Amino acid sequence: MTSEWLQSREIEQLLEALETEAVTEQSTKSHALLEKVLAHTRTSRDTALAPLYAKNGLRILGLYAFGDRDPAQKVVALRCLNNILVRSVSTRQVFINEGYPSKVLSSMKNGEPNEELATANLFLFCASQPTFDLTSSFEDEGLAEIVNKNIARHAESSEPLPNDPANPALASLRLLSTLAVRAESQAHRFLPSLEPILDLLSKVPATVSHAALPASVLISCLVSIPIDQREEFPVSAVDKLVNLLQEAIPKADGSSKAADKELLPLLVVLHRLAQSKPSDARKRLAEHILPSDEDRTEALGKGESLPHRLLKLTSTTVEPELREMIVNLFFEISDKDPNKFVHHVGFGHAAGLLSSKGIQFSPEGLAQAQASSAAPDINPITGQQRSAEAVSDLPEMTEEEKEREAERLFVLFERLRANGLISVENPVTQYKDSGRFEELPDDASD
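Take the sequence shown: its letters are residues 1 to 446, numbered as in the UniProt record's numbering.
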C-alpha cells in the first residue's frame with residue numbers, strides 16, 4: 001500500500017467521524033478532527049485528497065463551515081475549503097454547482113473578521129470561474145453591499161494596512177477589484193467604497209512602493225471601479241497618487257520590463273482622473289504633470305522633473321501599453337485639444353498619437369494655444385523656450401547644404417500632409433512659387 005492510499009484512507013475516516021459528530025450534535029473531537037483535515041490540505045498530495053475534492057467531502061466540511069457551529073470550528077472548516085479550492089480548480093465548479101457561493105455570502109454578512117479572509121477567498125475562487133453568473137449575487141444577495149461594508153469597517157482603523165497577503169482587509173479589497181472587472185456592468189455598485197479606499201491609501205507609509213502591498217491592491221481597486229463617474233475626488237488623494245508616481249518613475253526607466261509593467265495600473269488611475277468630472281482633481285493633476293516654465297528651460301524629456309521623466313519614458317520603455325498610456329494621459333489633460341497637446345509636450349512627443357488617431361492640428365491653432373498661456377515663446381518641436389536654446393557655434397551652411405536641407409524639409413512636409421497631420425501648404429513650395437527660392441545650376445558646385 002502506498003503512502004497516498006494510506007493518507008486518502010485516513011481522510012475518509014476523518015470525514016466519517018466529522019459527519020457522525022455533526023449528526024449527533026456532538027463536538028468533543030470536532031476541532032481536533034478538522035485540524036487534521038487542514039493539515040492534510042496543506043501537505044498531502046492531490047491523489048490522497050480525492051475524498052475532499054468530491055461532493056461528499058465538501059458537504060461534510062460545509063456542515064461545519066456554514067452551519068450553526070462553534071466559531072473556532074467554523075474558521076478551521078473554512079480554511080480547509082479554501083485550501084481545497086486553491087489546489088483543485090475542478091472542485092471550484094463542484095463548489096458552485098452545489099450552491100455554496102450563497103452560503104459563503106451569508107457568512108460574509110456576519111462581518112466576522114476571523115472568517116473574512118477565508119470567505120473572501122472562497123468567493124474569489126467562485127468568481128474566477130467563467131460559468132459562474134454573478135448577476136443574482138449582486139442583485140438579489142447584496143454582494144457589493146457586503147463587500148463595501150467590510151472595507152468601510154477596515155477604513156475606520158487609524159493603523160495602516162499591513163503588507164501581509166493573508167490580511168482579511170486585503171482579501172476583501174482583492175475581491176472587490178476582481179468582481180468589478182469580472183462584472184463590469186455592476187462595478188458602479190462599489191463606488192461607496194471609494195472614500196474608504198482613498199482613506200486607506202492615505203495611511204500607506206511614504207516608504208511603501210506602488211507595486212507592493214498594500215498600495216498595489218488599493219490601486220487595483222481604483223483601476224476597477226468607475227471613479228470618473230464621481231462628482232468629487234479629493235485633491236489630497238491626487239497628491240498621494242502623484243507622490244507614488246514620482247517614487248516609481250526612477251525604477252521604470254526602460255531598463256526593467258517588470259518595473260515598466262508595474263507602473264501601468266497607477267497611470268490608468270491617473271488617466272481616469274483626467275477623464276473625470278471633478279474639476280479640482282483634474283486641475284491638481286494638470287499642475288503636477290504638465291511642464292512648467294522652469295521645465296521648459298530644457299527640451300522636454302531631458303530634465304529630471306516629473307513631466308520630463310514621464311515624457312522621457314515614452315521613448316525608453318519597451319512596453320507599448322505604457323508608452324500609449326503616458327501619451328494619452330497628456331492628451332486627456334490637454335482637453336483632447338491637439339493644439340494644446342502639442343504645446344504641452346512638443347510635436348516630437350505628440351506626433352505618434354496624432355498620427356495613430358488621424359488627428360490634425362494647424363500652426364494657427366498651435367500659435368493660439370501658445371498665446372493663451374503665460375509661457376514665453378516655445379519651440380513647437382521640442383517644447384523648449386526658444387530663449388533657452390543653445391546657440392549653435394557651427395559655421396554657416398553653404399548654398400549646397402541649404403539646398404539639401406530644403407529638399408529634406410520638402411519631403412518631410414509632404415509626408416505630414418499625406419498622413420493628415422498638417423493642413424497647410426508646404427513652405428518650401430511657397431518660397432519657390434514666390435520667387436524667393438532659386439535652384440542652383442548644375443555647375444554651381446565646386
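Glycine included, every Cβ here is placed at the ideal spot set by N, Cα and C.
Note that the structure is predicted; figures quoted are calculated from it, not measured.
- Secondary structure remark: continuous beta strand (DSSP E) runs of at least 3 residues inside the segment 231-294: none found.
- Contact between the segment 155-164 and the segment 106-122 is absent, with fewer than three C-beta pairs closer than 8 Å.
- Pairing Ser305 with Leu266, the inter-Cα distance amounts to about 18 Å.
- Going by C-alpha positions, Val345 is about 27 Å away from Leu222.
- Scanning its chain for C-beta atoms nearer than 7 Å, with the 5 sequence neighbours on each side dropped, one finds around Ile146 the residues Leu105, Met108, Lys109, in chain order.
- Contact annotation: the segment 18-25 does not touch the segment 45-55, with fewer than three C-beta pairs closer than 8 Å.
- Boundaries of the alpha helix (DSSP H) around Gly57: 55-65.
- Using a 10 angstroms sphere on the CB of Leu200, the tally of other CB atoms reaches 16 or more, which defines it as buried.
- Per DSSP, reduced to three states, the secondary structure at Gln13 is helical.
- Beta-carbon to beta-carbon, Leu58 and Ala127 are separated by about 18 Å, too far to satisfy the 8 Å threshold.
- Ranked by Cα distance from Asn82, the options Trp5, Ala406, Ala65, His349 are led by Ala65.
- Straight-line spacing of the CA atoms in Gly67 and Ser27 works out to 13 Å.
- The beta-bridge partner set that DSSP reports for Ile378 consists of Gln385.
- Put simply, the backbone Cα of Pro278 is about 28 Å away from that of Ala212.
- Distances from the alpha-carbon of Ser137 to those of Pro130, Phe123, Asn150, Lys149 put Phe123 closest.
- The beta carbon of Ser292 sits closer than 8 Å to those of Ser305, Pro307, all from its chain and outside the five residues before and after it, given in chain order.
- In the structure shown, Thr398 falls within a coil segment according to DSSP collapsed to helix, strand and coil.
- Taken through DSSP and simplified to helix, strand or coil, Pro165 comes out as coil.
- In the three-state reduction of the DSSP assignment, Ile359 falls in the coil class.
- A distance below 9 Å separates the beta carbons of Gly383 and Arg296.
- By the C-beta criterion, the segment 238-252 is judged not to be in contact with the segment 178-197, since fewer than 3 inter-stretch pairs fall below 8 Å.
- For Asn114, the enclosing alpha helix (DSSP H) stretches over residues 113-127.
- Between Ser224 and Leu176, the C-beta gap is smaller than 9 Å, which places the two residues in contact.
- In the three-state reduction of the DSSP assignment, Asp46 falls in the coil class.
- In the three-state scheme derived from DSSP, where H, G and I count as helix and E and B as strand, Asp140 is classed as coil.
- At the C-beta level, Leu61 and Val37 come within 9 Å of one another.
- In the three-state scheme derived from DSSP, where H, G and I count as helix and E and B as strand, Leu310 is classed as helix.
- Residue Leu134 holds the alpha-carbon nearest to the alpha-carbon of Gly99 among Leu134, Phe190, Arg404, Gln186.
- Per DSSP, reduced to three states, the secondary structure at Thr316 is helical.
- Only residues of its own chain outside the window of five on either side were considered, and among them Val37, Leu38, Thr41, Leu61 have a CB closer than 6 Å to the CB of Cys80, listed in chain order.
- Contact annotation: Lys261 and Leu322 have beta-carbon atoms nearer than 9 Å.
- Judged by DSSP in its simplified three-state form, Val204 adopts coil rather than helix or strand.
- Excluding residues up to 5 positions away in sequence, Leu264, Leu267, Val268, His271 lie with their Cβ nearer than 7 Å to the Cβ of Met325 in the same chain.
- DSSP, read as helix, strand or coil, puts Pro160 in coil.
- In terms of Cβ geometry, Pro162 and Pro113 do not form a close pair [threshold 9 Å].
- DSSP places Gly99 in the coil class of the three-state scheme, outside both helix and strand.
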